[in-house]
Amino acid sequence: MGDNIGEYSHNIVDLRRHMWMAGVEVELRRLIWQIAIVGKYISAKIHESNRKLAGFKNIYGEEQLALDRVSDDILKNKLQHSGFVSHYAS
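If you use the numbering used here, the sequence shown corresponds to residues 30 to 119, in order.
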């Protein structure tokens, strides 16, 4: 790797560019990008979470963390409003 930051950044390919270069269909690219953006919101919630139990159990009978519920709500809301997802199940 050279000393020039321009040389380094020239070789960086972000997710959107990678999918475009790989020939991924436009609608699928947009959906994947929406999911990637949701990951940023969830990451922020992880950093501010206190890891409390939510008072709910998942389908395996395990206690869910409040963060699990918040993450699910964020993902559901963002995808349903994206225009790319008509049904969502968690």
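A virtual CB, placed ideally from N, CA and C, is assigned to each residue, including glycine.
Small disclaimer: the values here were computed from a predicted structure and weren't measured.
For residue i: DSSP bridge partner residues
| i | result |
| --- | --- |
| Glu92 | Lys86 |
Nonlocal neighbours in the same chain, by C-beta distance under 8 Å from residue i, ignoring five residues either side
| i | result |
| --- | --- |
| Ile103 | Val67, Tyr70, Ile71, Lys74 |
Residue of the options minimising C-alpha distance to residue i
| i | options | result |
| --- | --- | --- |
| Asp97 | Arg58, Asp43, Ser119 | Ser119 |
| Glu77 | Leu60, Glu91, Ala65, Ala95 | Ala95 |
| Ala65 | Tyr89, Leu44, Ser115, Lys105 | Leu44 |
Beta-carbon contacts of residue i that lie in its chain and below 7 Å, excluding the five residues immediately before and after
| i | result |
| --- | --- |
| Glu56 | Phe113 |
| Gln63 | Lys107, Leu108, Ser111, Phe113 |
| Phe85 | Gln93, Arg98 |
Cut-off 6 Å between Cβ atoms - residues of its own chain near residue i, not counting five sequence neighbours on either side
| i | result |
| --- | --- |
| Asp101 | Ser119 |
Supposed contact pair residue j and residue i - C-beta distance, whole angstroms, cut 8 Å
| i | j | result |
| --- | --- | --- |
| Ile61 | Met48 | 6 Å |
Return the chain-ordered ranges of every alpha helix (DSSP H) run that is complete within the region 40-82 and spans a minimum of 4 residues.
Taken in chain order, the complete alpha helix (DSSP H) segments of 4 residues or longer contained in the region 40-82 are 44-50, 55-77.
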